[in-house]
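Structure, as structure tokens:
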Amino acid sequence: MTGKAIVGLIVGSFRTHGNTEGIASWVQYYVKSLYPDITLKVYTPVSPINLMSEPIDPVVPMKISSPEQYVNPIVRSWAKAVQECNAYVILTPEYNHSYSGHLKVMFDHIYNEFRGKPGTLLTFSGHGAEKSYEELTNLTLKFGVKITGGMHFSIPMEYVVSNKRIVPNFDPNTSQDSFLKKLTPSLVSELEKTLDSL
1 MTGKAIVGLI VGSFRTHGNT EGIASWVQYY VKSLYPDITL KVYTPVSPIN LMSEPIDPVV
61 PMKISSPEQY VNPIVRSWAK AVQECNAYVI LTPEYNHSYS GHLKVMFDHI YNEFRGKPGT
121 LLTFSGHGAE KSYEELTNLT LKFGVKITGG MHFSIPMEYV VSNKRIVPNF DPNTSQDSFL
181 KKLTPSLVSE LEKTLDSL
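Residue 196 in the UniProt record's numbering sits at position 196 of the sequence shown, with consecutive numbering throughout.
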């Protein structure tokens, strides 16, 4: 590949009181540490492009061959952002045995921009997130993502049923979330499967 590779970290939740921001920070830390030459761009359902207030285009995304063909300028911007990525890391908490509805909206606005590109899938919950991983696998395969890595994992129940949350701005030297340290070798291994080839 010529030029600097761009990796899109697509984060399926923007709940400010949840654990996703902390998990995303952990993922960002290791992508940036292991691959300093990669440009990492982080996308949530509302930032930097807010897709939550936008209606789905009156065209069938599967029939769109260029971002310029989307009617809605915000959807057009999102399509361009996804298209410029060389690979994806797709992260979502598990809600009711599936990925988040917000993540589904991020996919439903577009289609072909994902096709043929490698991706790592990450799902988490208090009970292993296996169901959401299966659902996310089905979704991303439908959109043509080449799944090259992935993992589903548990976070301690105290992070789910109490006010305790995974701290954003992950730093392995100061993190109090010891379970992340145990998960890090698996995360690194799965990221390498996708990002080593860029």
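For every residue, glycine included, the Cβ atom is placed at its ideal position computed from N, Cα and C.
Short Cβ contact (9 Å threshold) for residue i with residue j
{"i": "residue 207", "j": "Gly116", "result": "With the chain covering only 1 through 198, there is no way to say anything about residue 207."}
{"i": "Met52", "j": "Val46", "result": "yes"}
{"i": "Val188", "j": "Leu34", "result": "yes"}
{"i": "Tyr30", "j": "Gly8", "result": "no"}
Inter-residue spacing [alpha-carbon to alpha-carbon] between residue i and residue j
{"i": "Arg15", "j": "His102", "result": "10 Å"}
{"i": "Ser178", "j": "Pro156", "result": "10 Å"}
{"i": "Ser65", "j": "Ser154", "result": "39 Å"}
{"i": "residue 203", "j": "Asn163", "result": "The chain is shown from 1 up to 198; residue 203 falls before or after that span and cannot be answered."}
{"i": "Asn72", "j": "Lys181", "result": "43 Å"}
{"i": "Gly144", "j": "Asn112", "result": "8 Å"}
{"i": "Val94", "j": "Thr140", "result": "First, the residue type needs correcting, since residue 94 is Glu and not Val in the sequence shown. Those two C-alpha atoms are separated by around 16 Å."}
{"i": "Ala79", "j": "Thr194", "result": "21 Å"}
Residue i, DSSP secondary structure in three states
{"i": "Ser47", "result": "coil"}
{"i": "Ile74", "result": "helix"}
{"i": "Leu136", "result": "helix"}
{"i": "Gly116", "result": "coil"}
{"i": "His109", "result": "coil"}
Integer Cβ distance of residue i from residue j, believed to fall under 8 Å
{"i": "Ser25", "j": "Asn169", "result": "6 Å"}
{"i": "residue 199", "j": "Ile38", "result": "Nothing about residue 199 can be reported from this structure: the residues present for the chain run from 1 to 198 only."}
Chain C within 9 Å of residue i, Cβ atoms only
{"i": "Met52", "result": "Looking at the structure shown, chain C is missing, and only one protein chain is on hand."}
Proximity test, residue i beta-carbon vs the ligand ZN heavy atom, cut-off 8 Å
{"i": "Ile147", "result": "Annotation note on the ligand ZN: not contained in the displayed structure, which lists no ligands."}
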